[in-house]
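Numbering (my numbering), first residue to last: 1 to 465. C-beta: ideal position from N, C-alpha, C; glycine also. Note that the coordinates shown come from a computational prediction; the quantities given were computed from them, not determined experimentally.
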Amino acid sequence: MYLMRLLVDYPLVSGNGFLLGCGMDMTIRTRFAPSPTGYLHVGGARTALFCWLFARKHGGQFVLRVEDTDEARNTDEAKQAIFDGMNWLGLDWDEGPGIGGPYGPYFQSERKEIYDRYFQKLVDADRVYESEGAWRFRFERKPITMHDLVCGEVTIDYRDESNTPDMVIRRSDGSYVFHFVNVVDDLEMKITHVIRGEDHLMNTPKHLQLIQALGAVAPKYAHIPLIQNQNGSKMSKRDQGAAVDDYPRQGFVAPALVNFLALLGWSPKTEEEIFSLEDLAQRFSLEAVNRAPARFDVEKCAWMNQQHLLRMRDEDFAKAAAVVVAKAGLSVGDDFSTLAKMVKEKVRLLSEVPDAIRFLLENEFAYDLAAVEKVKSNAQAGASLTAMVGHFSAVAEWSSEAAKEAIAATAAEQGVKAGQLMFPLRVALSGKSGGPDLGAMLAYLGRERSVSRLQRFIPQLSSML
Ligand code: GLU
């Protein structure tokens, strides 16, 4: 019996699946409980992710509950932004809006009867009293200690009433406050693990008081570290990178943001940093959630996006890039997959693709001045490129190999190394000092366009001398 108790009380503190494997019916249930007052914030998305990962890791259920009791501040757009954001990230819920489930409704605004029922329990137990029209919950005057799975032991001493006055749980207009409805729903929805931001840590002893008064068993709690800006200040709604719906617009792919968010406060305990959602679900554990605040680094997120783009299959990358390119007003032709492949390794964000390929589609591109200056520092460049026009024009069957042979012939004739011609040629073809592989560019542009780009570029060199 004692062993049973121990297992029930600490079913997953070790975080491995072993105890679950003992045949006990301990289905893990987590929930994300956003208040829809704006857009989906990265902090909220990370909380949702950790809840989702924990549930998936343990074969449990993930519930989405919308805490929309504040009618004045909640909007339909804000609700939609949460659903859209979670769908985009791939965080599907097993119960909640649009799906239903055994413990619904999943909008707090529709659960008043349930709250009334629980309120009556507190009335019956003589734990509430009226004061100035509102109803206060009478705290038990003793220290309350919680064992947080991330933060450890936290105690609040309720013996001093002046520090911890009884809390209002029902306003004079009959509406219930956050603490009460949040607790009732976690109990009603049979949540086993409450994973939420550290800003709620100090609320939890209040919640435990309510749970004890209701004669219920508390879920486990895990409060995850706050997200800070690079300078250590608290990340706010207005900070760059705060809104999840900005990410797709800025050219991020969802797996990259998921990966980035996972590492904000959770450590994979390996050198590896790039994980898919499935990898994360296998590896995630609450023990590996850090206690210290997490620093938000937009540059790191962009780097991570690049890593995920690199790992995408060429077809998938082309598909995702085509959407962005079409939005930028460039025409996506049949050969778009060739173009996409050429720039896949060159971009950090999908939004960089249009500019990365524009010169391949449009002949009238501008030249990067620094690149032109660099070409001009090579006094022979003009003559070499002029000679190259001749060699290119003489190629019968154009291919990147044939073009390279023509470059080698030009170099031999001009008495320079072929390598010295590559940079001037690149600038002539693209206007830039960097970009896709030169051979791929030559093959894609073909003989005529390569020649005409050389002819357009050569006068630039002399006219500015
Ligand atoms: N609606 C609360 C919030 O968004 C939920 C807190 C919790 O997860 O318990 O902060």
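Sorry if obvious, but does the Cβ on Ser35 come closer than 8 Å to a heavy atom of the ligand GLU? yes
Given Leu461, which residues of its chain have a CB within under 8 Å of its CB, disregarding the five upstream and five downstream residues? Val372, Val375, Lys376, Ala381, Gly382 and Leu385
Following a CB-centred definition, is Glu67 positioned closer than 8 Å to any heavy atom of the ligand GLU? yes
With respect to 8 Å, is the separation between the Cβ of Val184 and the closest non-hydrogen atom of the ligand GLU below this value? no
Are the beta-carbon atoms of Tyr129 and Arg117 separated by less than 9 Å? no
Backbone CA spacing between Ala366 and Glu272 [nearest angstrom]: 41 Å
For a minimum of 4 consecutive residues, which ranges assigned as the alpha helix (DSSP H) are wholly contained in the stretch 64-148? 76-89 and 112-124
DSSP three-state label for Met441, please. helix
Which whole-angstrom value describes the C-beta separation of Leu187 and Ile211, a residue pair presumed to lie in contact below a C-beta threshold of 8 Å? 7 Å
State the DSSP-derived secondary structure class of Asn395, mapped to helix, strand or coil. Note on identity: in this sequence residue 395 is Val, with Asn being the wrong assignment. Here Val395 sits in coil by DSSP.
Within its chain, find whatever has a CB closer than 8 Å to the CB of Leu201; leave out the 5 residues flanking it on each side and keep chain order. Asp148, Cys151, Val154 and His223
Taking all protein chains shown into account, decide if Gln282 is buried (16 or more other Cβ within 10 angstroms of its Cβ) or exposed. exposed
Return the Cβ separation of Lys346 and Asp314 in integer angstroms, given the expectation that the two are a contact with Cβ distance under 8 Å. With a Cβ gap of about 14 Å, Lys346 and Asp314 do not count as contacting.
Spatially closest choice to Ala440 from Arg447, Ala213 and Ser400, by CA coordinates: Ser400
Contacts around Pro105, its chain only, beta-carbon distance under 7 Å, and the 5 residues preceding and following it disregarded: Arg111
Residues in the same chain with beta-carbon distance under 8 Å from Pro102, minus the five sequence neighbours each way, listed in chain order, please. Glu95
Given this structure, state the Cα-to-Cα distance separating Lys417 from Ala403, to the nearest angstrom. 16 Å
How long is the line joining the alpha carbons of Gln80 and Phe50, rounded to whole angstroms? 21 Å
Using 9 Å as the threshold, is the C-beta distance between Phe296 and Val63 below it? no
What do you reckon, are the CB atoms on Lys344 and Met312 nearer than 9 Å? yes
Should His200 be counted as a contact of the ligand GLU given a C-beta to heavy atom distance under 8 Å? yes
Look up Met202 in the DSSP assignment and say whether it is helix, strand or coil. helix
Whole angstroms is fine: what's the gap from Ser337's alpha carbon to Val323's? 12 Å
Which runs of the alpha helix (DSSP H) fall wholly inside the stretch 170-228 and span at least 4 residues, in chain order? 178-188 and 204-213
Could you compute how far the alpha carbon of Ile156 sits from the alpha carbon of Arg196? 19 Å
Specify, as a first and last residue, the run of the beta strand (DSSP E) that Val154 falls within. Gly152 to Asp157
Taking the straight line between their C-alpha atoms, what separation do you get for Tyr466 and Pro205? Outside the displayed span of the chain (1 to 465) sits residue 466, for which this structure offers no information.
Using three-state DSSP, classify Phe32 as helix, strand or coil. strand
Under 8 Å, with one C-beta from each stretch per pair, do the stretch 425-438 and the stretch 451-459 reach the 3-pair mark? yes
Tell whether a beta-carbon distance below 9 Å holds between Asn305 and Ala262. no
Looking at the secondary structure, which residues open and close the alpha helix (DSSP H) in which Ser400 lies? Ser400 to Gln414
Would you report the Cα separation of Phe18 and Ile191, rounded to the nearest angstrom? Note on Phe18: pLDDT 43, under 50, position unreliable in the model; the coordinate value appears next. Near 21 Å, if we compare the C-alpha coordinates of Ile191 and Phe18.
Evaluate contact between the stretch 178-186 and the stretch 234-246, counting only Cβ atoms and requiring at least three cross-stretch pairs below 8 Å. no
Quick check on the DSSP output: the alpha helix (DSSP H) that includes Val304 runs from which residue to which? Inspection of the sequence shows that residue 304 is occupied by Met rather than by Val. Counting along the chain, the alpha helix (DSSP H) containing Met304 begins and ends at Val298 to Arg311.
Assigned secondary structure, Val244 (DSSP; H/G/I helix, E/B strand, else coil): coil
Expressed to the nearest angstrom, what Euclidean distance is found between the alpha-carbon atoms of Val66 and Ser433? 51 Å
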